[in-house]
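Colleague:
There are 2 protein chains.
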Amino acid sequence: MKYPTGIKVKVEKLICYSNRGMCLEDDINLSNQYYLDKNIAIIHKKPTPIQVTKVDFKNKNKTIIKEAFFKTPSTTDYNGLYKGKYIDFEAKETKSRTSFPLNNIHEHQIKHIEDILNHNGIAFIIIRFSILNETYLMLGDVLISFIQNFKAKSIPLSYIKTNSFIIEEKYHPRMDYIKVIDKIYFGGDKNEKK
Amino acid sequence: MKYPTGIKVKVEKLICYSNRGMCLEDDINLSNQYYLDKNIAIIHKKPTPIQVTKVDFKNKNKTIIKEAFFKTPSTTDYNGLYKGKYIDFEAKETKSRTSFPLNNIHEHQIKHIEDILNHNGIAFIIIRFSILNETYLMLGDVLISFIQNFKAKSIPLSYIKTNSFIIEEKYHPRMDYIKVIDKIYFGGDKNEKK
Numbered sequence: 000m001k002y003p004t005g006i007k008v009k010v011e012k013l014i015c016y017s018n019r020g021m022c023l024e025d026d027i028n029l030s031n032q033y034y035l036d037k038n039i040a041i042i043h044k045k046p047t048p049i050q051v052t053k054v055d056f057k058n059k060n061k062t063i064i065k066e067a068f069f070k071t072p073s074t075t076d077y078n079g080l081y082k083g084k085y086i087d088f089e090a091k092e093t094k095s096r097t098s099f100p101l102n103n104i105h106e107h108q109i110k111h112i113e114d115i116l117n118h119n120g121i122a123f124i125i126i127r128f129s130i131l132n133e134t135y136l137m138l139g140d141v142l143i144s145f146i147q148n149f150k151a152k153s154i155p156l157s158y159i160k161t162n163s164f165i166i167e168e169k170y171h172p173r174m175d176y177i178k179v180i181d182k183i184y185f186g187g188d189k190n191e192k193k
Numbered sequence: 000m001k002y003p004t005g006i007k008v009k010v011e012k013l014i015c016y017s018n019r020g021m022c023l024e025d026d027i028n029l030s031n032q033y034y035l036d037k038n039i040a041i042i043h044k045k046p047t048p049i050q051v052t053k054v055d056f057k058n059k060n061k062t063i064i065k066e067a068f069f070k071t072p073s074t075t076d077y078n079g080l081y082k083g084k085y086i087d088f089e090a091k092e093t094k095s096r097t098s099f100p101l102n103n104i105h106e107h108q109i110k111h112i113e114d115i116l117n118h119n120g121i122a123f124i125i126i127r128f129s130i131l132n133e134t135y136l137m138l139g140d141v142l143i144s145f146i147q148n149f150k151a152k153s154i155p156l157s158y159i160k161t162n163s164f165i166i167e168e169k170y171h172p173r174m175d176y177i178k179v180i181d182k183i184y185f186g187g188d189k190n191e192k193k
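These protein sequence lines are chains A and B, in that order.
Residues in the first sequence are numbered consecutively from 0, following numbering that gives the first Met the number 0.
Residues in the second sequence are numbered consecutively from 0, following numbering that gives the first Met the number 0.
1) Which two residues bound the contiguous alpha helix (DSSP H) that contains A:Asn162?
2) Where does A:Asp87 land, buried or exposed, given buried means 16+ other C-beta within 10 angstroms?
3) So, using beta-carbon positions, are A:Ile177 and A:Ala40 closer together than 7 Å?
4) Which term fits B:Lys57, buried or exposed, when burial requires 16 or more other beta carbons within 10 angstroms of its beta carbon?
5) Please state whether DSSP places A:Leu116 in a helix, a strand or coil.
6) In whole angstroms, give me the CA-to-CA distance for B:Thr134 and B:Asn103.
7) Taking only three categories from DSSP, how would you classify B:Asn190?
8) Suppose you measure from the CA of B:Gly187 to the CA of A:His111; what does that come to, to the nearest Å?
9) Rounded to whole angstroms, what is the Cα-Cα separation between A:Phe185 and A:Tyr77?
10) Label A:Lys182 either buried or exposed according to how many other C-beta atoms from any shown protein chain fall within 10 Å of its C-beta, with 16 as the threshold for buried.
11) Rounding to the nearest angstrom, what Cα-Cα distance links A:Asn132 and A:Arg173 in this structure?
12) Kindly provide the ranges of any beta strand (DSSP E) runs that are 3 or more residues long and lie completely inside the segment 55–126 of chain B, ordered along the chain.
13) Are at least three pairs of beta-carbons, each pair with one atom in the segment 155–172 of chain A and one in the segment 119–129 of chain A, less than 8 Å apart?
14) Compare the Cα-Cα distances from A:Lys53 to each of A:Lys44, A:Ile64, A:Thr47, A:Tyr33 and report the closest residue.
15) Locate the beta strand (DSSP E) running through B:Ile42, then write down its first and last residues.
16) When DSSP labels each residue in this structure, what does B:Lys12 get in the three-state scheme?
17) Apart from the five residues on each side of it in sequence, which residues of its chain come closer than 8 Å, Cβ to Cβ, to A:Thr93?
18) Can you list, in chain order, the residues of its chain with a C-beta nearer than 6 Å to that of B:Asn18? Leave out the 5 residues immediately preceding and following it.
19) What separation, rounded to the nearest whole angstrom, lies between the Cα atoms of B:Asp175 and B:Leu142?
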């Protein structure tokens with residue numbers, strides 16, 4: 000049986016929700032590595048929280064985990080430091096063409112974003128509309144005020160376009176979200192300064 | 000065969016390296032929860048990094064990890080935010096009565112502490128001498144300069160006593176390391192202010 004040549008791309012789409020076969024998470028991890036290498040910012044993805052229930056110590060060189068479960072994260076996935084400021088964010092992609100479903104973000108992640116804002120940290124979410132190939136940065140206070148004011152299940156793309164910042168996709172770094180943060184909080188443009 | 004009544008404590012000691020059966024990690028996690036509840040600081044332990052190699056999706060309600068391995072952490076264990084400042088630290092206990100062995104801290108964790116200091120974050124290590132029941136906070140720059148100047152395999156307790164801050168053990172929070180940070184960086188004493 001022959002498949003049309005597009006089939007592989009389609010499979011990648013299903014896994015990564017991306018037109019280019021590259022997950023948002025991969026893009027951000029590569030960007031963070033770029034920021035680290037260039038000494039621009041120190042931002043790391045937190046490991047996925049896993050509850051380990053069975054462990055095999057028989058192998059002296061390497062402990063093998065035999066049973067474990069994924070746990071719900073209590074904070075956002077990424078945090079770190081840029082120009083002396085605490086940075087904290089969550090990154091999510093959606094296959095929707097029209098809105099970002101809020102069930103993508105857990106309630107305690109929203110609480111965490113509120114806490115960060117209250118303690119003078121920089122908090123935001125990165126939203127990718129995979130099929131449209133558009134990625135936005137929405138500041139934490141905009142997200143919180145949307146949730147409080149609209150009691151909606153999702154944020155319309157039109158609202159995001161008006162109230163967020165588009166993140167350029169480049170070769171290096173793939174997702175230059177620090178450029179957006181720099182403009183908002185430090186009034187600068189890294190590229191112009193150099 | 001009869002064991003002396005002290006045997007259980009001894010077992011706990013072996014696991015936790017603690018006279019009181021309470022690990023440093025537990026003490027810090029409880030303190031972080033206290034800081035969070037009292038809206039003093041937002042500091043979380045990062046999940047242990049685990050490489051998942053086999054997953055069972057058969058159970059629709061819960062994905063079971065069937066094989067996984069512990070990975071070496073690339074950053075420190077704890078980070079967060081206090082009074083708008085980025086906080087980053089590693090916590091270790093030792094059974095030694097005389098010195099803190101530096102092989103407790105990975106090379107890339109030291110690199111990470113250096114990076115944090117260069118970007119104006121607050122970085123430190125918490126060292127507990129379990130048998131002595133003494134816990135110290137050593138600032139990142141003191142640690143880095145010790146490593147660079149002495150090329151030693153461990154930091155003598157006498158050096159730690161002179162160049163670090165003792166952390167009081169209390170009921171709530173168990174390890175009030177934020178009080179130490181507050182005194183050093185914000186010139187304040189939380190308790191006196193309140």
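Glycine residues also receive a C-beta, built at the ideal position from the N, C-alpha and C atoms.
Fair warning: this is a prediction, and the values are worked out from it, not measured in the lab.
Modeller: If we stick to the structure as given:
1) Indexing the first sequence from 1 puts residue 162 of chain A at position 163. Where A:Asn162 is concerned, the enclosing alpha helix (DSSP H) stretches over 156–162.
2) Start at 1 with the first residue of the first sequence, and residue 87 of chain A comes out as number 88. It counts as buried.
3) Within the first sequence, the letter at position 178 stands for residue 177 of chain A. Within the first sequence, the letter at position 41 stands for residue 40 of chain A. Contact: yes.
4) Taking the first residue of the second sequence as 1, we reach residue 57 of chain B at position 58. Its Cβ having fewer than 16 others within 10 Å, B:Lys57 is exposed.
5) Within the first sequence, the letter at position 117 stands for residue 116 of chain A. Helix.
6) Within the second sequence, residue 134 of chain B is the residue found at index 135, counting from 1. Within the second sequence, residue 103 of chain B is the residue found at index 104, counting from 1. C-alpha of B:Thr134 to C-alpha of B:Asn103: approximately 15 Å in a straight line.
7) Looking up residue 190 of chain B in the second sequence gives position 191. Caution applies to B:Asn190, whose pLDDT of 47 falls short of 50 and renders its modelled position unreliable; the model cannot decide the point.
8) In the second sequence, the residue the question calls residue 187 of chain B occupies position 188. In the first sequence, the residue the question calls residue 111 of chain A occupies position 112. The straight-line gap from Cα to Cα measures roughly 26 Å.
9) Within the first sequence, the letter at position 186 stands for residue 185 of chain A. Within the first sequence, the letter at position 78 stands for residue 77 of chain A. If you take the alpha carbons of A:Phe185 and A:Tyr77, they lie about 20 Å apart.
10) One-based indexing of the first sequence puts residue 182 of chain A at position 183. A:Lys182 should be labelled exposed.
11) Working through the first sequence from its first residue, we reach residue 132 of chain A at position 133. Working through the first sequence from its first residue, we reach residue 173 of chain A at position 174. Between A:Asn132 and A:Arg173, the C-alpha separation is close to 13 Å.
12) 63–69, 77–81, 84–93, 98–100
13) yes
14) Locating residue 53 of chain A in the first sequence gives position 54, where the first residue counts as 1. The shortest C-alpha separation from A:Lys53 is found at A:Ile64.
15) Along the second sequence, read from residue 1 onward, the residue named residue 42 of chain B stands at position 43. Where B:Ile42 is concerned, the enclosing beta strand (DSSP E) stretches over 41–44.
16) Numbered from 1 along the second sequence, position 13 holds the residue referred to as residue 12 of chain B. Note that B:Lys12 scores a pLDDT of 35, beneath 50, so its modelled location is shaky; the value from the coordinates is reported in the next line. Reduced to three states, the DSSP call for B:Lys12 is helix.
17) Reading the first sequence from its first residue, position 94 is the one you call residue 93 of chain A. Taken in chain order, the residues that qualify are Tyr16, Phe99, Pro100, Asn103, Ile126, Arg127, Phe128, Ser129.
18) Here the question's residue 18 of chain B lines up with position 19 in the second sequence. Note that B:Asn18 scores a pLDDT of 49, beneath 50, so its modelled location is shaky and nothing firm can be said.
19) Locating residue 175 of chain B in the second sequence gives position 176, where the first residue counts as 1. Locating residue 142 of chain B in the second sequence gives position 143, where the first residue counts as 1. Distance between the alpha carbons of B:Asp175 and B:Leu142 is about 20 Å.
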